[in-house]
Amino acid sequence: MSATPSTQPGLPRRHAALESLARERYIVSPLFDGLFFIGSPLLAIAVILGAWQFMPALTIESAVLVYMAVGHHVPTFLRAYGDPDEFAENKFRLLVIPAFVVPLMVAIYLVDSRLIGLLFVWDQYHFVRQHYGFMRIYDAKNKSITTRRMNLDQWLCFSLFVAIITHSEFYAFVYTSSFFDLGLVFPEWTGTLLRQGSLAVAIGVCVAYALDLGRRLASGEPVSLLKLGITVTTYGTWWFAYVALSHPALSYPISSFFHCLQYDALAWHYSEVKARGLARRKGNAIFRFMHQSRRPWFYLLAIGGYGFLSEIGSTLVPGAVFIVNRTTGVLHYYFDSFIWRVRRTAFRQNL
Amino acid sequence: MLLVLFPGLLALAVVLEQGLLRPRVAARTPVEQVVFWERHAARNPGFAPSHARLGQAYEAVRDLEGAARAYRRALELDGDLGAAAVGLAAVLAQSGRRAEAVREMEDFLARNPDCRPCALRLTDDLLALDRVAEARAAIETVIGAPGRATLYATTPDFDPATALVLAGRVHQRLGDPEQALRYLDQALQRAPAHPAAHLHAAQLRLESEPEAAVTHLERYLAGFPGDLRAGLWLGHAHAHAGRTDRARAVWRETRRRSESRSDPNAERIRARLDALLEGRAAAPSDL
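Sequences listed follow chains A and B, in order. To convert, note that position 345 of the first sequence is 345 in my numbering; the numbers rise steadily by one, no gaps. To convert, note that position 216 of the second sequence is 567 in my numbering; the numbers rise steadily by one, no gaps.
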């Protein structure tokens, strides 16, 4: 149980908070968590805006989309199909669902359906769910799980994100042009209602969250400062990228950069721990090889390699690469919805 | 259940999109698009692509001044927005200010050398201004020098086949038909139905490979049956292939189609067709 002011009578609040932070259980270590999870949103801003000083925005956007956004599908497949326990538990879903998704993507491509453009909505949902997952992990690490907290966390995650995107000129354009090209035009008042309504809801949820936080601190319940920290950096960065900066070529790369970095780092850590504990068998050889401790090169090569092959392939067989990338994207969203569930004991054991 | 429900819903969505929404998109008038994007740009004044999209809407209603204003506003907000740079150059060219279009695009490319659509636009304008050597330099920034082609991925704003067609046109103007045809054939490998590739390849093969020229022109005319010049060339291709009767039939059909048009180009072609049908003209010399 984390130290709180109420368990340290006479201790100043500032020191109590530091004590609490020192006793928190990190996912990996203070440095790893700080760099790849909590600090990565700020790192994304620094890297993307820093690179902008030296190269065109479109070059940066292209590099992030190809080598990070597309590349980060690889750890999903390594885990889903390489981890023997995961595969055994989800064999039906992992074998049958792709058999449906692939022909669907081919059909959508062949009829040139603009519905494919709406995949970005699932992408956004996926971004928020990943953040929510980190909140769950930090709570689990610090033995701070209640249904009430989970519900409030979900409300916080989604209400804040919706408020950000409804106040973003970047997403106003993305949604407007996507639906317009699809043939759907919504009355102006719907946009106004969404903006004002989502802001009101977000403010209400934040107030409720703050009150609940205060109550927990006062009653001595454990509070994960790391969870709060990653929420502040993540949503602060999303606000900066999509509302303050709102750049056509840089806003999404900032978001994608830290999303992918967090994902790749967590997947590496989890799979590396899992691989160490596996008995050496032919069936898990690839999984163990790709997640060798102190040799992340093959893992990184696989991520970068998929991006590289996609870039080269799209000059030769653009249609095929389009279908493959969209397929791995959809499967990535779908598989992630069950292979990283924090409530699964087997998953938490390897964190 | 989900395995049936989800694909089923998606299939239903695609059917509805193709059957209901696509016709709505097709039925949209250019004026409706202008109104829509004006309102959107007014609500999102600080976002460059909104103004670029408005520029495209103005172009569709031939309001070239409005389009230029919108594209310039987009570039003020984001000096690296390629779509706005290409759009501005296009409307300047359409307004008869092609030299200005070239200057604007050269300035943009100096800051954004990786903008491939910009290089294509510049190549097209330089060819129109008869600055062929510069056009060659511009297109080779995209596809590399002959024999060392470097092509990029197809993106919504860049089609490698179009780049190859432009390269073919450049070499055609440089007096190198073999290299021109190499580029045009590469374009057709990537995009077998590319109309400009067929048209220019037909022009180059008209006398040396008339059968191939017939094939190219028939593919082109399938998409653009009203193109009088292509009809004229098709007749010539048949004539070169020794099919005089077929040539005359094509010319008569083209002459019939030209009667509904009164522009100078149509009148010129009509006069040429009359001369050919009356036997007053022989092989094409001014195509």
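Built from N, CA and C at the ideal position, the CB exists for glycine as well.
Residues of chain B with a Cβ closer than 7 Å to the Cβ of L94/A do not exist; the shortest Cβ-Cβ separation is about 13 Å. Against chain A, the beta carbon of G433/B has neighbours under 9 Å at L58, listed in chain order. Chain B places no beta carbon closer than 8 Å to that of F335/A, leaving this residue out of the contacts.
Under DSSP, no beta-bridge partner is assigned to F287/A. Taking 8 Å as the upper bound on Cβ-Cβ separation, chain B lies near residues S113, R114 and L115 of the segment 113-139 of chain A. Here L78/A has M290 as same chain residues with Cβ atoms under 6 Å from its own Cβ, once five neighbours each way along the sequence are excluded. In the three-state scheme derived from DSSP, where H, G and I count as helix and E and B as strand, F186/A is classed as coil.
Neighbours of F170/A across chain B, judged by C-beta separation under 8 Å: F398. Across the set R93/A, A80/A and N350/A, the C-alpha of N350/A shows the shortest separation from the C-alpha of G277/A.
At the C-beta level, Y171/A and Y242/A come within 8 Å of one another. Of V565/B, V521/B, L356/B and V386/B, the smallest CA-CA separation from F180/A is found for V386/B. Shortest Cα-Cα distance from R606/B to any of L428/B, P381/B, I490/B and G586/B involves G586/B. Take the alpha-carbon of L115/A and the one of M105/A: they are about 11 Å apart.
Bounds of the alpha helix (DSSP H) holding M105/A are K91 to L110. By the beta-carbon neighbour count (other beta carbons within 10 angstroms, threshold 16), Q262/A is buried.
Annotation for A51/A: I60 place their beta carbon closer than 7 Å to its own, counting only its chain and skipping 5 residues before and after.
Residues of chain A whose Cβ lies closer than 8 Å to the Cβ of V365/B are, in chain order, A107, I108, V111, S113 and L115.
Chain order gives the chain A residues near F387/B as T176, F180 and V185, where near means a beta carbon separation below 9 Å. Here I303/A is not near V64/A, since their CB atoms are 8 Å or more apart. The three-state secondary structure of F258/A, taken from DSSP, is helix. Our two residues, P400/B and P84/A, have alpha carbons roughly 47 Å apart in a direct line. Per the C-alpha coordinates, the member of W122/A, F87/A, V324/A and E169/A positioned closest to S251/A is E169/A. Every alpha helix (DSSP H) of 4 residues or more that sits fully in the segment 563-637 of chain B is shown, in chain order, as 579-591, 595-609 and 615-628.
When the five nearest sequence neighbours on each side are left out, the beta carbons in the same chain lying within less than 7 Å of the beta carbon of E24/A are those of S2, N142, S224, L225 and L226, in order along the chain. Within chain A, the residues placing a beta-carbon under 7 Å from that of L361/B are L104, ordered along the chain. Residues of the segment 220-238 of chain A with a C-beta less than 9 Å from any C-beta of chain B: none at all. Neighbourhood of D527/B in chain A, by CB distance below 9 Å: empty, with the nearest CB roughly 25 Å away. Inclusion of L405/B and E389/B in the CB contact set at 8 Å is warranted, their separation being smaller than that value.
Annotation for S62/A: the continuous alpha helix (DSSP H) segment containing it runs A57 to V64. The residues Y109, in chain order, have a CB closer than 7 Å to that of G319/A in the same chain once the five nearest residues on each side in sequence are set aside. Pairwise C-beta distances place the segment 361-373 of chain B out of contact with the segment 131-142 of chain A, as fewer than three of them are shorter than 8 Å. Taking the beta carbon of F173/A as reference, the chain B residues within 7 Å of it are N395, F398, P400 and S401, listed in sequence order. R129/A is the residue among R129/A, E221/A and D212/A whose C-alpha sits nearest the C-alpha of I339/A.
When the five nearest sequence neighbours on each side are left out, the beta carbons in the same chain lying within less than 6 Å of the beta carbon of T474/B are those of A486, A489, I490 and L517, in order along the chain. Put simply, the segment 550-557 of chain B touches the segment 513-532 of chain B. At least three CB pairs are less than 8 Å apart. Between the beta-carbon of R454/B and that of D476/B there is about 10 Å, and that puts the pair past the 8 Å contact cut.
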